[in-house]
Every structure is written in C-alpha cells, then in structure tokens.
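Visitor: Residue 75 in the numbering used here sits at position 73 of the sequence shown; the count goes up by one each step and never skips.
Below you'll find the structure I mean.
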Amino acid sequence: MESQFRHLMRVAVSVREGTIPSSTLLKRLRSGSRKNATCAAFREAGRVIRTVQLLRYLSDAPLRRRVTAATNKVESFNRFSQWIGFGDRGVVADNDPIEQEKAMKFNALLTNAVIFHNALDIAEIVRQLLEEGWEIDPEDLAHISPYPTEHVNRFGEYSTHELGIQPEAYDPELDVDFTHLRDQDLRAEGFGTAA
C-alpha cells in the first residue's frame with residue numbers, strides 16, 4: 003500500500019473530481035498493466051477499513067443496536083414490498099429492461115401507497131385515542147410499524163359507488179411531542195446534546 007499510495011490518491015482525486023468514468027477506472031484497475039498493483043493496494047485498503055469497522059461494531063454496543071434496528075427496518079420493508087407484489091412471487095419474468103423497470107416502479111408505487119394509507123390509519127387511531135383522553139407516549143409510537151397487512155385485501159373489492167366521494171384533506175399534525183425522542187437519537191448519534 004505504501005508503494006502505491008500516490009496512485010491511490012490520484013485515483014481518489016479523479017473519482018472525487020469526476021474526471022474519469024467509473025467504467026474506465028475499473029477497466030484500468032483490472033488490466034494486466036502496472037495498475038494491478040494499485041488494484042491490490044485498493045483491495046488491501048478496503049480490508050483494513052472493513053476490519054476497523056468490524057472491530058468498532060464488535061466493541062460498541064449502541065452501534066450494534068443501531069445497525070440491527072436499521073437492518074430490521076430494511077428487512078421489514080423488503081418483506082412488505084414482496085408481500086404487496088405477490089404476482090409471480092415478485093419475480094420479474096420479462097427480459098425487456100423497460101418492462102422490468104416498470105414492474106419494479108409499479109411495485110414501489112403500490113408499496114408506498116399502502117404504507118401511506120397505513121400511516122393515515124395509524125394517525126387517525128392516535129387522534130381518536132387522544133380525543134378519548136388517552137395519554138400517548140412518543141416512545142410507544144416510535145415502535146409502531148407502517149407495514150401491517152392483516153387489513154389489506156390484495157385481490158381487491160371494487161365498488162364504484164364511492165368514486166364521487168371527496169376524501170377529507172390530509173392532516174399531517176399529531177398532538178404528540180416527539181422532541182424527546184429526536185433529542186435522544188441525536189445524542190446517540192453524537193450530534194450534540196439536548197437543551
């Protein structure tokens with residue numbers, strides 16, 4: 003790595019400045035020329051970075067909790083998205099890239115629409131509970147998932163008598179103070195302290 007440091011920095015600056023396309027860079031690094039040593043140096047630098055990150059992960063319990071929570075959120079979203087796109091088990095059978103992209107975008111659109119609908123339903127329930135005098139703890143709300151599926155009929159029930167009914171305006175406000183949770187997250191991330 004020491005002997006290739008200049009090359010590493012030259013490549014890093016080229017990438018940062020956008021003076022070399024990534025395809026050209028990869029071709030040069032994989033070629034049989036002297037750049038192979040640069041490729042090996044990059045590989046070793048990557049191993050060092052990966053090892054440092056792994057050691058940090060193993061020694062830092064709050065970091066492990068954050069990584070696990072983020073991973074669980076992503077996995078929950080992926081399961082939910084696959085559940086929504088149930089046709090052909092989510093397999094895009096078409097070889098046409100345009101049709102593949104359409105299928106993926108339609109699934110993402112439908113997934114996001116259902117998540118939005120779920121969030122509206124959850125907000126409405128919270129509002130009803132607040133009106134009934136219940137005290138809502140923001141920490142409890144932080145654990146509610148927007149991915150419930152029990153109420154969704156994937157095969158649909160289509161009724162045309164409601165088409166002319168104008169929905170109520172979306173109200174994004176909830177009378178719940180989330181600042182405590184936000185401040186707690188910022189402190190956990192090391193972005194400062196709460197006042």
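Don't be surprised by glycine CBs; every beta carbon is placed ideally from N, CA and C.
Within the continuous alpha helix (DSSP H) that includes I167, where are the two ends?
Guide: On the sequence shown, residue 167 is found 165 positions in, with the first residue counted as 1. Where I167 is concerned, there is no enclosing alpha helix (DSSP H), given that its DSSP letter is neither H nor E.
Visitor: Rank K107, V54, F44 by C-alpha distance to the C-alpha of Q6 and give the top, closest one.
Guide: Within the sequence shown, residue 6 is the residue found at index 4, counting from 1. Comparing Cα positions, the closest option is F44.
Visitor: Quick one: using the 10 Å Cβ neighbour count with 16 as the cut-off for buried, is S83 buried or exposed?
Guide: Position 81 of the sequence shown, counted from the start, is the residue given in the question as residue 83. So S83 counts as buried.
Visitor: Which value, in whole angstroms, describes the spacing of the CA atoms of E141 and R30?
Guide: Numbered from 1 along the sequence shown, position 139 holds the residue referred to as residue 141. Numbered from 1 along the sequence shown, position 28 holds the residue referred to as residue 30. If you take the alpha carbons of E141 and R30, they lie about 52 Å apart.
Visitor: Could you say which of C41, A71, G89, D179 lies nearest to F108 if we only look at CA atoms?
Guide: If you number the sequence shown from 1, residue 108 lands on position 106. Ranked by Cα distance from F108, the options C41, A71, G89, D179 are led by G89.
Visitor: Grab me the residues of D179's own chain with a C-beta within less than 8 Å of its C-beta, minus the 5 sequence neighbours each way, in chain order.
Guide: To locate residue 179, count along the sequence shown from 1; it is residue 177. So the qualifying residues of the chain are P140.
Visitor: Leaving aside the five residues before and after A39 along the sequence, list all residues of the same chain whose C-beta is less than 8 Å from its C-beta, in chain order.
Guide: Here residue 39 corresponds to residue number 37 of the sequence shown, with the count starting at 1. Correct list, in chain order: S5, Q6, H9.
Visitor: What does the alpha-carbon distance come out to for the pair M11 and R49?
Guide: Within the sequence shown, the letter at position 9 stands for residue 11. Within the sequence shown, the letter at position 47 stands for residue 49. About 17 Å.
Visitor: At a cut of 8 Å, does the segment 154–169 reach the segment 100–107 through at least three beta carbon pairs?
Guide: Inter-segment contact for the segment 154–169 and the segment 100–107 is absent: fewer than three beta-carbon pairs are separated by less than 8 Å.
Visitor: Excluding the 5 residues preceding and the 5 following I117 in the sequence, name in chain order all residues of the same chain whose CB lies nearer than 8 Å to its CB.
Guide: Position 115 of the sequence shown, counted from the start, is the residue given in the question as residue 117. F82, P148, Y149.
Visitor: What's the call for A105, buried or exposed, on a 16-neighbour Cβ count within 10 Å?
Guide: Mapped onto the sequence shown, residue 105 falls at position 103. Its Cβ being crowded by 16 or more others within 10 Å, A105 is buried.
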